[in-house]
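Structure, as structure tokens:
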Amino acid sequence: MRAHDALRKAFIKFNVPADPYSLMELESFVISSRNKGKNSSNYISLISNLETMLVRQEIENASQISKKIADFVLDLCKDGCS
Numbered sequence: 015m016r017a018h019d020a021l022r023k024a025f026i027k028f029n030v031p032a033d034p035y036s037l038m039e040l041e042s043f044v045i046s047s048r049n050k051g052k053n054s055s056n057y058i059s060l061i062s063n064l065e066t067m068l069v070r071q072e073i074e075n076a077s078q079i080s081k082k083i084a085d086f087v088l089d090l091c092k093d094g095c096s
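Whatever position you read off the sequence shown (first residue = 1), add 14 for our numbering.
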């Protein structure tokens, strides 16, 4: 699965709008997080960037939703993402 597709599925699942360019910015964080694990700084950066996106869109519970999105994306990418 491509990281972009995993992100798109996650945003749809959590009913959060996202433009393709924002998703492209997050792809490298997804791939790095998948390769280095949830204890890496890349995973923390992924959550932080997701939270920033959600706060800009005035989404309630942005910190909780950003972690759920990150975990869902990494679950989709457990067999690999490109």
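No residue lacks a Cβ here, since even glycine has one placed at the ideal position from N, Cα and C.
Under 8 Å: does the beta carbon of H18 sit that close to some heavy atom of the ligand MN? This structure lacks the ligand MN; in fact it carries no ligand of any kind.
Where do the N-terminal and C-terminal ends of the alpha helix (DSSP H) with M67 fall, by residue? Segment S55 to R70, the alpha helix (DSSP H) holding M67.
Do S47 and Y57 have their CB atoms nearer than 9 Å? With contacts defined by Cβ atoms closer than 9 Å, S47 and Y57 form a contacting pair.
Provide the residue span of the alpha helix (DSSP H) that contains K82, from first to last. Start and end: A76 to L90.
If I measure Cβ to Cβ from S77 and keep anything under 6 Å in the same chain, skipping five residues before and after, which residues do I get? Excluding positions up to five away in sequence, the list reads E65.
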